[in-house]
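Trainee:
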Amino acid sequence: MMKLRLLSLFVIAVLCRDVQAESIEATDWFEKGMEARYYLRDEQALENFEKAAKLGHVQAQFEVAKLLLYRELNQGEPHTQSLYWFTAAAEAQHAEAQYELALFYMDEYDNPDAPMLVRKWMAAAASNQHERAQIWIDNNSQIE
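Here's what the structure looks like:
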């Protein structure tokens, strides 16, 4: 019984160490991204943010989404990549990403699910204390 308990504690310690190491690694990449962004090196910032985002750093996911959206808008590309990262951050409860997704779906006139997605992400952002989303919810609560 004692061996089983020690083995269990060892496994938990190893798993927690790996999670913590990923979190530290993600934070390091995020900080490098912020530094690159400060010095207006957007491509380097994007690379660093993407590394952090892939490790689950939510703010990095949002930063990647913004940088990709800016690039997509300037190059006339579809918003596929930015939408992916906005969604990842929104699903991780990032209020601003949720709000931005709602705004994105407001312009999706040919998407039959757009009205439902606008309400979904506005409600999520509002529940995460996003002030503009709360105002939108208050002003649109009667709309079906």
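With mature numbering (1 follows the signal peptide of the UniProt record, and there is no 0) applied, the sequence shown corresponds to residues -21 to -1, 1 to 123, in that order.
Ideal Cβ placement from N, Cα and C applies to all residues, glycine included.
1. Quick one: what's got a C-beta closer than 7 Å to W115's C-beta in the same chain, skipping five residues either side?
2. According to the Cβ coordinates, are R111 and Y84 closer than 9 Å?
3. Going by the beta-carbon positions, is the gap between W8 and K30 smaller than 9 Å?
4. Give me, in chain order, the residues of the same chain whose beta-carbon lies closer than 6 Å to that of H36; leave out the 5 immediate sequence neighbours on both sides.
5. Which one of Q108, Q40, L34 and S2 has the shortest CA to CA distance from E70?
6. Tell me where the alpha helix (DSSP H) around L34 begins and ends.
7. When we look at the beta-carbon of E22 and count the other beta-carbons within 10 Å, is it buried (16 or more) or exposed?
8. If we ignore side chains and look at the alpha-carbon of each, how far apart do A104 and R20 end up?
9. Any idea what DSSP makes of S120, helix, strand or coil?
Mentor: According to the structure data:
1. Along the sequence shown, one-based indexing puts residue 115 at 136. Here the set comprises M101.
2. Here the question's residue 111 lines up with position 132 in the sequence shown. Here the question's residue 84 lines up with position 105 in the sequence shown. For R111 and Y84, no; Cβs fall outside 9 Å.
3. To locate residue 8, count along the sequence shown from 1; it is residue 29. To locate residue 30, count along the sequence shown from 1; it is residue 51. Yes, they are a contact pair.
4. Stepping through the sequence shown from its first residue, residue 36 is reached at position 57. So the list reads A5 and F9, once near-sequence residues are dropped.
5. In the sequence shown, residue 70 corresponds to position 91, counting from 1. Ranking the options by Cα distance to E70, first place goes to Q40.
6. Within the sequence shown, numbered from 1, the residue matching residue 34 stands at position 55. Counting along the chain, L34 falls outside any alpha helix (DSSP H), and DSSP gives it neither H nor E.
7. One-based indexing of the sequence shown puts residue 22 at position 43. It is exposed - the Cβ of E22 has fewer than 16 other Cβ atoms within 10 Å.
8. Against the sequence shown, residue 104 aligns to sequence position 125. Against the sequence shown, residue 20 aligns to sequence position 41. About 30 Å.
9. As a first step, residue 120 is located in the sequence shown; it is residue number 141 there, counting from the start. If DSSP states are grouped into helix, strand and coil, S120 belongs with coil.
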